[in-house]
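Protein chains: 2
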Amino acid sequence: MSEKKPSTNSINKLLDGRELVLVSNRGPVTFERNSNGERIAKRGAGGLVTALDSALASASTLWVASALSPEDRAVAAEGHPFTWPPEDPRYQVSLVDIEPGPYDLYYNEISNKILWFLQHYLFNPVKQPSIGPADRVAWESGYRYVNQLFADKITSVIEDEPEPVVMVQDYHLYLACGLVRRIRPDVHLLHFTHIPWPAADYFRLIPAKWRREILESMLACDVVGFHSQRYSRNFMECCRDFLGAKVVNRGQRVIFGDREVAVRTYPISIDSRELIAHKRRQSVAKWRTKIEEQRGHCRLIVRVDRAELSKNLVRGFAAYRLLLQEHPEHKEQVKFLAFAYPTRQEIPEYGEYRAEIEAAAAAINKEFGSTDWRPVELEIEDNFDRAVAAMTTYDVLLTNPIFDGMNLVAKEAAVLNERDGVIVLSENAGAYEELRDGVLGTNPFDIEETMERLHQALVMTPLEREARAARVKEIVLRNDALKWLKHQVADLLKKRTPRNDRRDGAKTPSLR
Amino acid sequence: MSEKKPSTNSINKLLDGRELVLVSNRGPVTFERNSNGERIAKRGAGGLVTALDSALASASTLWVASALSPEDRAVAAEGHPFTWPPEDPRYQVSLVDIEPGPYDLYYNEISNKILWFLQHYLFNPVKQPSIGPADRVAWESGYRYVNQLFADKITSVIEDEPEPVVMVQDYHLYLACGLVRRIRPDVHLLHFTHIPWPAADYFRLIPAKWRREILESMLACDVVGFHSQRYSRNFMECCRDFLGAKVVNRGQRVIFGDREVAVRTYPISIDSRELIAHKRRQSVAKWRTKIEEQRGHCRLIVRVDRAELSKNLVRGFAAYRLLLQEHPEHKEQVKFLAFAYPTRQEIPEYGEYRAEIEAAAAAINKEFGSTDWRPVELEIEDNFDRAVAAMTTYDVLLTNPIFDGMNLVAKEAAVLNERDGVIVLSENAGAYEELRDGVLGTNPFDIEETMERLHQALVMTPLEREARAARVKEIVLRNDALKWLKHQVADLLKKRTPRNDRRDGAKTPSLR
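Heads up: the protein sequence lines correspond to chains Y and S, in order. By the numbering used here, the letter at position 52 of the first sequence is numbered 52, and the numbering carries on one by one without gaps. By the numbering used here, the letter at position 472 of the second sequence is numbered 472, and the numbering carries on one by one without gaps.
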């Protein structure tokens, strides 16, 4: 590693006694009752939780998250934070109690069916979205209401803290920022978006009032963070087009009213140490053996994704099919192992997409398979151990999302792989900006280019494979999740401009 | 009219003896053989042809266009330009002979199924586009090949002209520009795009090679023109992202290699005089009588569009339906006359969309209609006289495209209407930038806002209606099609910077 790893001590030093409050929809733990009626804790999953959890080791941290289960709501009703995790208490957790009705509107109707689609370009604009009265209700009684509950919780936990540091995570919680600033002009406030930020033209697919409300609230922060330059730029163009805000300092700041807000790029990363430790587990070894049996004499193309509309599995299979057609020399010499976690099956588009994935895989096996060779193995199942095993042993990793906030799989794979595997990565994944020197980039809409990149990866010289794999690994190891957090805290606590120093209690004009 | 109308003489003065060559896919005339075997001429249709035709009165103009019919090809084979129109010879026409196979690839496969969808955000990116080998063939043997035929024709007709002025129109002919520049470094070359230009993120839906080829060719021009600031800005962002070009002079110029290209906004307009003359025809009067019968005592909401995916007819009906639900006082007091021209029925999406339009209209009539009142009259037929009649007499015009290059209907309607009708116009139509002070703008994806705008238009005071109608009409009359052309010629013939003066025969570096 070319740079010294920042220690949590250095974050504590930056904080200088201030409390750090981290806010996200999903927290690091959710509770249930077992059959004996005892409360049991289940660790939260998902890239965001993993990344944040690994970055938090400071005793002065409090994590605010939704109560997801009935038992979480019981914990929330007890009214005081608890320490987490039990075996290695590192931070406090406080849960926000939310009624199931509003939570459904906030989480499913607005966050996942509208904002997620909007920010990944997943709509078919000829038909969607078509915003009507039910969506307005979902916005007002769901999204805005739950954001208000979060804001109430945040202002309550920071009540006695002078100049607290509050870091709000992701697209579920855009509106909480403005609501917190209104009560606490002195807060050091940051919002970080973990998914893409779309171009201003495309941001027009939601109602004008929502656009303003989201952007004005985000500009109540001191720092607004994204994974890539492209998202930062799109965000600033939205501020310009929809608020008339001014972009200055070579696109590092937005001026709106008398606020001046830093817009910064912080590519998130992974906890490499923990991941490598996980690789050594017995539960992974079992899958490694199984995958080596599947490999036989072949080389392995691997993909690991949620079965998400944005992940582009169907076009990935189309590229593989074209490879077998245009380069028949790979027949019987290569296998495609695709591991997909089921996701959001309650949304009809996801169910349909899963069926298309299965049909595409089956069609290739039917067209090209023989008694000795099954060209595609598709497993739709949530199995992290098997995914880790596959990532240690791919020759080529294909990750070709149409648009993707970061794509942590590319980073995890680079750290885990033991065969100088080549990564074929979509140019529309946030990680591409960081990793472009080591990966093979592809246009995810271009089947032919993706096919060519797979071929290029398969015929690459060992020397080039080694150099590329080392390059990507080095970049990932250098920028870990702790560093991601530290840079944000550092920017947040940089000397404020007089423009934004509201310790006098003046209100944010945009929120009056 | 607040400004003096530019005369064609002033364009001739600007040209100063140079030949003006106008290039578009569709020309002002197409030929057939009648049953006696005689050649007969049919006038070309469509907004582009109408606008250009009205702007051209200079004897030194030559219009280059595709031979569309077998008889056009026979005319093209005769090898010399002809004078047009016969009753008022104003310019020369030269047709490009193109074999049907390549023409189909160029026109249907690339221009209409890919570029049109791309530039209007009509794709569903989860599934489309999915660029494979057939698309590459269509690009190379269709689009690029036909652009080469156009370039050959252009260089041949300007062969003996010093410093000719060549104006290439629209998305069919991006590549012709670079090919012409390569042969004729001294040409004054302009490309004008009549449809939207999408955001850089969305331009990524086509292959990297196509992106570069299109942009490099366009930057072989001296001036690149668009209908709106938004499109100009999106284009420059594409030049920056995909070519590494530099945007300077507050976004009025792009520097690429040693070329410096002006990027300008020229909102196209209509020939108001001809349109008003058309309104007085007997064939229109007949339809006015019919429409007044349909009106009865009601007020009329009118729309006039092609039945195009981008025109958003289904959401328009959804907004009307919501209006009748939320404001039942309009029941039996208002009628919605929707006139849609059939279009591109050979593309499956268009056939499906037409069926959805018909179903939406029928559902409203079923839900709200009575023996005395039919809330929607939908006519899917190409009938310009009826459209003109409807535009004279609407109380509210609804034109809510999801994205639309200009939307000439709004301008035509403003000039024709005799009832101080209110125009509800999509904020994503190019015309919105010009007309925003007079129209009621709406977000085309927001059914509720569109409904509110319809209601607002219906309850508006006569004084406000009159002021708005006058404002829009004044803007349209001030900026006619001739002015649109003149501004482009003027910018094209402005003193060249030394950077772009290639009369020494140096080649464009980007095309080497």
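Every residue, glycine too, gets a C-beta built ideally from N, C-alpha and C. If you're wondering where the values come from, they're calculated on a predicted model, not measured in any experiment.
Contact check, residue i vs residue j under 8 Å by CB: the rounded distance?
| i | j | result |
| --- | --- | --- |
| Leu149 (chain Y) | Val96 (chain Y) | 5 Å |
| Phe339 (chain S) | Glu379 (chain S) | 5 Å |
| Trp84 (chain Y) | Pro28 (chain Y) | 6 Å |
| Asp382 (chain Y) | Tyr353 (chain Y) | At roughly 17 Å, the Cβ-Cβ gap does not stay under 8 Å, so Asp382 (chain Y) and Tyr353 (chain Y) are not in contact. |
| Val223 (chain Y) | Gln488 (chain Y) | 7 Å |
| Phe256 (chain S) | Cys239 (chain S) | 7 Å |
| Glu418 (chain S) | Thr393 (chain S) | 7 Å |
| Glu161 (chain S) | Glu19 (chain S) | 5 Å |
| Val284 (chain Y) | Ala389 (chain Y) | 5 Å |
| Gln169 (chain Y) | Ser24 (chain Y) | 4 Å |
| Val424 (chain S) | Val439 (chain S) | 7 Å |
By the criterion of Cβ-Cβ separation under 9 Å, what are the contact partners of residue i in chain S?
| i | result |
| --- | --- |
| Glu449 (chain Y) | Ile131, Pro207, Ala208, Lys209 |
| Leu322 (chain Y) | Gly132, Pro133 |
| Phe445 (chain Y) | Phe123, Pro125, Gln128, Pro129, Ser130, Ile131, Arg204, Leu205, Ile206, Pro207 |
For residue i, go through chain Y and note every residue whose CB falls closer than 9 Å to its CB, in chain order.
| i | result |
| --- | --- |
| Asp222 (chain S) | Residues of chain Y passing the Cβ test: none, with the nearest at roughly 27 Å. |
| Asn249 (chain S) | Here the premise fails: no neighbours, minimum Cβ distance about 17 Å. |
Taking Cβ-Cβ distances shorter than 8 Å, what residues in chain Y pair up with residue i?
| i | result |
| --- | --- |
| Ala200 (chain S) | Ala199 |
| Leu309 (chain S) | Val126 |
Can you pull the DSSP bridge partners for residue i?
| i | result |
| --- | --- |
| Trp63 (chain S) | S:Leu22, S:Val93 |
| Phe123 (chain S) | Looking at the DSSP assignment, Phe123 (chain S) forms no beta bridge with any residue, so it has no partner. |
| Phe32 (chain Y) | In the sequence on display, residue 32 (chain Y) carries Glu and not Phe. Note: Glu32 (chain Y) sits in a beta bridge opposite Y:Ile40. |
| Ser426 (chain S) | S:Thr442 |
| Asp404 (chain S) | S:Ala429 |
| Gln169 (chain Y) | Y:Phe192 |
| Asp305 (chain S) | S:Ala340 |
| Val261 (chain S) | S:Val254 |
Give the interface partners of residue i over in chain S, defined as CB-CB distance under 8 Å, in chain order.
| i | result |
| --- | --- |
| Ala318 (chain Y) | Ser130, Gly132 |
| Arg315 (chain Y) | Ser130 |
Mind listing the chain S neighbours of residue i? Cutoff is C-beta to C-beta under 7 Å, in chain order.
| i | result |
| --- | --- |
| Arg517 (chain Y) | A question about residue 517 (chain Y) goes unanswered here, because the residues of chain Y that appear run from 1 up to 512. |
| Arg303 (chain Y) | Residues of chain S passing the Cβ test: none, with the nearest at roughly 17 Å. |
| Leu365 (chain Y) | What sits at residue 365 (chain Y) in the sequence shown is Asn, not Leu. The premise fails here: Asn365 (chain Y) is roughly 20 Å from chain S at the closest Cβ pair, so nothing lies under 7 Å. |
Any heavy atom of the ligand FMN closer than 6 Å to the CB of residue i?
| i | result |
| --- | --- |
| Pro81 (chain Y) | The ligand FMN is not part of the structure shown, which contains no ligands of any sort. |
Exercise for review: Closer than 7 Å, Cβ to Cβ, to anything on chain S: give me those residues from the stretch 110–130 of chain Y, in chain order.
Suggested key: Tyr121, Leu122, Asn124, Pro125, Val126, Pro129, Ser130
Check your understanding: Which of the residues in the stretch 14–41 of chain Y, read from start to end, lie with their CB under 8 Å from any CB of chain S?
Key -> none
Review point. On the three-pair Cβ rule with 8 Å, is the stretch 359–374 of chain S touching the stretch 134–152 of chain S?
Key: no
Practice item. Can you give me, in chain order, the residues of the stretch 228–246 of chain Y that have a beta carbon less than 9 Å from any beta carbon in chain S? Key: Arg230, Arg233, Asn234, Glu237, Asp241
Point to revise | Inter-stretch contact (C-beta, 8 Å, three-pair minimum) for the stretch 461–472 of chain S and the stretch 411–426 of chain S | key: With the cut-off at 8 Å, the stretch 461–472 of chain S and the stretch 411–426 of chain S touch.
Check your understanding: In chain order, what residues of the stretch 407–428 of chain S put their CB closer than 8 Å to some CB of chain Y?
Key -> Glu427, Asn428
Practice item. Could you name the residues of the stretch 334–360 of chain S whose beta carbon sits closer than 8 Å to any beta carbon of chain Y, in the order they occur along the chain? Key: Glu349, Tyr353
Exercise for review: Please confirm if the stretch 148–162 of chain Y is in contact with the stretch 229–241 of chain S, defined as three or more CB-CB distances below 8 Å between the two stretches.
Suggested key: no
**Study point:** Contact residues within the stretch 381–402 of chain Y, judged by C-beta distance below 8 Å to chain S
**Key:** Ile402
Exercise for review: Pull out every residue of the stretch 142–171 of chain Y whose Cβ sits closer than 8 Å to any Cβ of chain S, in chain order.
Suggested key: none
Review point. Can you find at least 3 beta carbon pairs, one from the stretch 288–302 of chain Y and one from the stretch 64–80 of chain Y, that sit closer than 8 Å?
Key: Taking a cut-off of 8 Å on C-beta distances, the stretch 288–302 of chain Y does not touch the stretch 64–80 of chain Y, as fewer than three cross pairs fall below it.
Exercise for review: Answer yes if the stretch 212–220 of chain S comes into contact with the stretch 171–184 of chain S, meaning at least three C-beta pairs across the two stretches below 8 Å, and no otherwise.
Suggested key: yes
Check your understanding: Is the stretch 471–487 of chain S touching the stretch 274–285 of chain S in the sense that three or more CB pairs, one from each, lie closer than 8 Å?
Key -> no
Review point. Taking one C-beta from the stretch 361–372 of chain Y and one from the stretch 249–266 of chain Y each time, how about it: are there three or more such pairs within less than 8 Å?
Key: As far as the Cβ criterion goes, the stretch 361–372 of chain Y does not touch the stretch 249–266 of chain Y, which means the pair count is below three.
**Study point:** Inter-stretch contact at 8 Å, needing at least 3 Cβ pairs: the stretch 186–199 of chain S / the stretch 106–115 of chain Y
**Key:** no
Exercise for review: Evaluate the contact criterion for the stretch 297–316 of chain Y versus the stretch 440–449 of chain Y: three or more CB pairs, one atom per stretch, below 8 Å.
Suggested key: yes
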